[in-house]
Amino acid sequence: MNKKQTRAGLGGDRMRLKIKSAVLVFSCFSGLIAQAGIEDNPFAESAIPWVNDSYVVKNDTHTVFGKEQQEITGTVTDQDGNPVIGVNVVVKGTSTGTVTDFDGNFAIKAATDQILVFSFVGFKSQEVPIDGRTNLQVVLEGDVSQLDDVVLIGYTERKESNVTSAVATIKADEISRAPVSNLSQSFAGRLPGVVSTQRSGEPGYDGAGVSIRGFGNALVIVDGVPQNYTQLDPNEVASITILKDAAAAVYGVRAANGVILVETKKGKYGKPVFKYDAYVGVQTPTRYPELTSAADFVLLNDEGEINQGRSPVYGREVYEQYRNGELPSYDWYDLTIRQYSPQTQHTISAQGGTEDIDYYMSVGMFNQEGMWRTKDNNYERYNFRSKVTGRFSDNFSATMNLSGRIENRNTPGLSAANIMWGILRAHPTSGPYANDNPEYYNETNVPFFQPVALSNSDVSGYNRDNFNNFTGILSLDYKVKQIEGLSLKGMYSYLREFARVKNWSPEFDLYNYNAETDAYNVGYTGGSPTRLTETFRQNTETLAQFSMNYKRTFGDKHTFEGLALFEQRESYGDDFNASREYSLDAVQYLFAGLDANKNNNGGAYEFASRGLVGRAYYDYDDKYILELVFRYDGSSRFPQGSQWGFFPAVTAGWRISDEGFFKNTIDFVNNLKLRGSWGKVGDDQGANYQFVTGFTYPSGNYIYGNNVVPGLVERGIPNPNLTWYESTTTNLGLDAALLNSKLTLQFDYFYRQRDGLLATRFLSLPGTFGASLPQENLNSDSDRGFELVVGTNQSLGDFQFDVNANVTYTRSKYGYQERAPFTSSENEWRQKAEGRWKNIWWGYEAIGQFQSQEEIDNWAVVQDGQGNRSLRPGDIKYLDYNGDGIIDGGDNKPIGRGTTPEIMFGTNINVSYKNFDFSVLFQGAANFNFYFTDEFQSPIFNNANSLATFMDRWRREDPYDLTSEWIPGKYPATIPSGSPNNKYNSSFWLQNANYLRLKNIQLGYTLPKGVCETLGITNARVYINGLNVYTWDKLKYANVDPETPGGNGLFYPQQRVWNTGVNVTF
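Residues -36 to -1, 1 to 1030 in mature numbering (1 follows the signal peptide of the UniProt record, and there is no 0) are what the sequence shown spells out, letter by letter.
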């Protein structure tokens, strides 16, 4: 080797050593930062193409400090077998280190008797002796104590430990534990402060009503944009956060009832990960009222007539024939409803990224069939999302978030409520077909609601509701290098919605059969004339935001954050509908209709708002926290001079557990934080442009000569002083973690005052005045309550479990309420609302039932206005509240809670053992009632069938013998449509609706890693899941679900759902 060659070789080695030194410094920083517990490790996820090279001159083996070095390779995974990227691997006692690559692999030079230290944020550090091995398989154990979840709080995010507002969050893994058809169903029992009630199980209309602390409809923000969230694919949701107090003030307009923040999934650094999530399920109605058989129906009808002194309708002989099965009995529930209907969900997603770009993409499909036997009610939904973030430099990035969905709802021409109405009222003595011939639908006693016929789209027609949604969001982020901590952001969103509803209502015939002539005769013709109605709606919303954010920590203890944001939102849309009559039904399009009696109509709207947001946040050493927020909003709904409103808020927190006096005396409390908030929010509820004059057109018709001309009238008096109503919320809270964070506690007390609610002033105006009075900011009310959350997590080897329980209590009270003048002190007591609790049911207090005719004769209180001559044994007795000897309006009093729950609670239990996981969710509500009306209050209501519960009634020992003895029962004696005395609004029909529901249960199994490798996949899990599994309540006797919308049975029942699903990762 000549000198030139030697010099060149040494120069090359020196260059290699310089490069390796740079890597060594990088690794040292990475390892030290991770071990110091700093979360934002700038090196942890950085890709270094030469990171797996040796840090010394490249020899296969050599000696450093007298020890022989070898290349040690291996793989690092988590407890689920997934590779962990960016783990710091350091030779203990040295500065030699590396990080794992995309597949969790590493390679490092070390002596065979040294120890490798593996560390990564969110996992417990692990020391692994090499012990002469050259390949290591390392499994890192998660460390919950290192994690401090980031929480969205409005235009920014913050460590959960530093949040001072009332906030609740559920993550993607919690949502996935309960596959649901509608995302709103995920809230019940999981989030404190959320009141969730599901009123229906109808496909496409089975969303739960969700309110925060019972305040009303909350503002929903999806990825920073106000929009509907219920029909999102649950698999694309990363988290849902509820802002319940002053934290909502930052969102201004429409945020007075709180805010629901939905964040969808995004890309992350790493190789592409493909997921397939799917389930197949069956639905079955939870409950629907049981009806009487033909024999019982005949008996009740005969009793009803005999009890009124009339002859029976059917007679004993016919009753015996039905009772013995000689004559058929028809179950209209079974004839109309199938017990099992399918649903399916499929979602495919891809997620990954590099240093320059990351992405998340998903496509989902959901199909749900309804319970009608005709299979003519169904719902299908298609979702897509693409979220891509590109980093063009160290300080500039852009995100394009595109999403959309297509929804198709198909139902028969008759609504679900009316089909259920027909089931409740159809006589069980007659069937769906005349003479049981399926070619002729029977007229029955309810021809206009014959359920079997009219649940068939070939008879009643159809409703086809098609809805399309597209949302595009472009975000630009720029970090100002010249000013540390300063960043700028611009965001523009475009939301477009289009809906088309097509209603085809054909003429149809129902028949009766004449046995003598063997003829089928038309008994009823409905839907005449045949008509097609189509409605088109489109809506566009744009949102532009520009913000400047400053965040910096000084001296390791002083953290300051400031935000200034401008926002402008515009919303506009229009609708159009047209209808025509048809003589032929072969072509079901508008152009094919008749020219006579055609109609068309339409409407349009425009709305705009602007807002300025300011925030200043400061914390000292994560111990003392103060945040000031303001929102300056303008709305087009108000006149000039009243368009703008200023709404401030302040929150503060004190982590007492970090104080020296606390640390040194109470060691079992790991965290104790007091927090409080106060804020004012405005709301621009009401119709647009009430401050200007206007006209209603057309309004009525006028005849000029031989022409009919549409009328034009003034719409009402304008109000130039109309403005915001204001909502002021105060919240006091406490967060605690005890026993090494194994036990957590959260408590909140809240109070909200609303002023300036819209109402119309009460004035007596002459009929010739010609206009109505405008709405004004007159009324007020208040809400108060508390929330409590208790949780624990435990582990014992491979066995892990956590339990979280929450309860929310909320109650509302009237403030000033505009009303007519009181006519007397008694009238004032009964009608005055101011200062009284809401959700109170008024009526007569039932104090029992008359046990004999003698008791009726001796009863001093007149209940029927006829000297009690119409009363019978078993009839309801009422309290004479005012003591005047007569039951009338003067005896109305509060008799119980209303139909809105005041207490909501839930308990979520998660258990895992090795590859098995099990979760169960209990959810319930209390302090509310269910009031029975119509068919639930009276047997044979309007000549209908009766509920089977009415068989437990006061009756004669022999129903056909008036001289036989009375036998007591739960309900009064049968009178068709009910006796007036027994139909008073009273506590007799007001039932306790408190319930506890096994809302969700799931058992899952994750396939072993070896099996997955054999199958060529990364991870796979299979599960079985149940929704609305079982309910404990006091309404079971009537077979009514406590969440149903009313007490008359006209509703599509909730569904019990069993799903079997898979989650596969490639």
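From the three backbone atoms N, C-alpha and C, an ideal C-beta is built for every residue, glycine too.
Cα atoms of Pro392 and Tyr278: separation of roughly 14 Å, rounded to the nearest angstrom.
Under DSSP, Tyr405 takes part in a beta bridge, and its partners are Tyr397. Here DSSP, grouped into helix, strand and coil, assigns Ile204 to strand. Beta-carbon to beta-carbon, Val55 and Ala74 are separated by about 5 Å, close enough to satisfy the 8 Å threshold. The three-state reading of DSSP puts Gly168 in coil, since its state is none of H, G, I, E or B. Here the alpha carbon of Ala136 sits roughly 44 Å from the alpha carbon of Gln781.
Around the beta carbon of Asp400, fewer than 16 other beta carbons lie within 10 angstroms, which makes this residue exposed. By the C-beta criterion, the region 1009 to 1028 is judged not to be in contact with the region 260 to 271, since fewer than 3 inter-stretch pairs fall below 8 Å. Selection Gln149, Leu529, Gly519, Lys453 evaluated against Asp585 yields Gly519 as nearest (Cα-Cα). Secondary structure note for Phe70: its beta strand (DSSP E) is the uninterrupted segment 69 to 75. Secondary structure note for Tyr666: its beta strand (DSSP E) is the uninterrupted segment 665 to 668. Assigned with DSSP and collapsed to three states, Glu678 falls in strand. Ile811 sits exposed, since fewer than 16 C-beta atoms from the chains shown fall within 10 Å of its C-beta.
Asn964 has its alpha-carbon roughly 7 Å from the corresponding atom of Asn989. Burial of Gln955 is indicated by the presence of at least 16 other C-beta atoms within 10 angstroms of its C-beta.
According to the DSSP assignment, Gly968 belongs to no alpha helix (DSSP H) but to the beta strand (DSSP E) extending over 959 to 970. Closest option to Gly316, judged by alpha-carbon separation, among Arg748, Pro402, Tyr405, Lys229: Lys229.
Residues Tyr582, Ala616 of the same chain have their beta carbon placed closer than 7 Å to that of Leu590, with the five preceding and five following residues left out of the count. Within a 10 Å sphere around the beta-carbon of Glu977 sit fewer than 16 other beta-carbons, which makes this residue exposed. In the structure shown, Arg287 adopts helical secondary structure according to DSSP, grouped into three states.
In this structure, the alpha-carbon of Leu592 lies about 35 Å from that of Arg349. Note that the region 247 to 259 touches the region 296 to 310; at least 3 beta-carbon pairs, one per stretch, sit closer than 8 Å. Approximately 6 Å separates the beta-carbon atoms of Leu737 and Ile681; this is inside 8 Å, confirming the contact. In the same chain as Asn382, and ignoring 5 residues on each side of it, the C-beta atoms closer than 8 Å to its own belong to Phe413, Leu418, Leu1014, in chain order. Arg716 sits in a strand when the DSSP states are folded into three classes. Looking at the DSSP output, Leu459 bridges to Thr435, Glu505. With a threshold of 16 other beta carbon atoms within 10 Å, Ser910 meets it and is buried. Note that the C-beta distance between Gly222 and Ala259 is not below 8 Å. Here Asn564 is near Ala542, since their CB atoms are less than 8 Å apart.
With contacts defined by Cβ atoms closer than 8 Å, Leu835 and Ile820 form a contacting pair. The Cβ-Cβ distance between Ser943 and Asp839 falls below 8 Å. Its chain contains Asn399 as the residues whose beta carbon lies nearer than 8 Å to that of Ala479, once the 5 sequence neighbours on both sides are disregarded; these appear in chain order. The criterion of a C-beta distance shorter than 8 Å is satisfied by Thr970 and Asn879. Residue state for Gln815 is assigned as coil, using DSSP reduced to three classes. In terms of Cβ geometry, Gly86 and Gly68 do not form a close pair [threshold 8 Å]. Shown here, Asp821 sits in a helix according to DSSP, grouped into three states.
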